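Structure first, commentary second.
Residue numbers (the UniProt record's numbering): 1 to 102.
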């Protein structure tokens with residue numbers, strides 16, 4: 001049988017089995033709200049919130065920085081964060097913390 005182009009030839013080939021590994025990862029969100037203490041007014045246009053993660057009780061490392069503004073209600077959500085991480089051949093829990101950037 002003669003083929004007019006490669007597309008025809010590909011369509012008539014035997015199907016190949018492909019294997020995929022799918023890993024389900026549990027995710028979490030960390031919500032941040034800036035509040036001023038003692039009835040103080042908002043002295044700035046924006047505040048930067050830094051998200052840190054600590055894997056298996058290790059040293060915290062910076063993951064991401066987000067701006068909080070009056071227009072956003074001084075709120076932000078760090079979304080879809082994994083709750084565990086592979087480290088040293090083991091699955092270890094991740095603890096998140098947020099710090100206001102000075």
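Where a beta carbon is used, it is the ideal one built from N, C-alpha and C, also for glycine.
Computed from a predicted model, the values in this text were never measured in an experiment.
| Asked | Found |
| --- | --- |
| Identified DSSP bridge partners for residue 85 | 92 |
| Straight-line gap, residue 78 to residue 15 (C-alpha atoms, nearest Å) | 43 Å |
| Three-pair Cβ contact test at 8 Å for the region 69-83 versus the region 21-29 | yes |
| Cutoff 7 Å; reference residue 64; Cβ partners in own chain excluding five residues on either side | 51, 78 |
| Whether residue 47 touches residue 100 by CB criterion (8 Å) | yes |
| With 16 other Cβ atoms within 10 Å as the buried cut-off, status of residue 57 | exposed |
| Which of helix, strand or coil DSSP assigns to residue 59 | coil |
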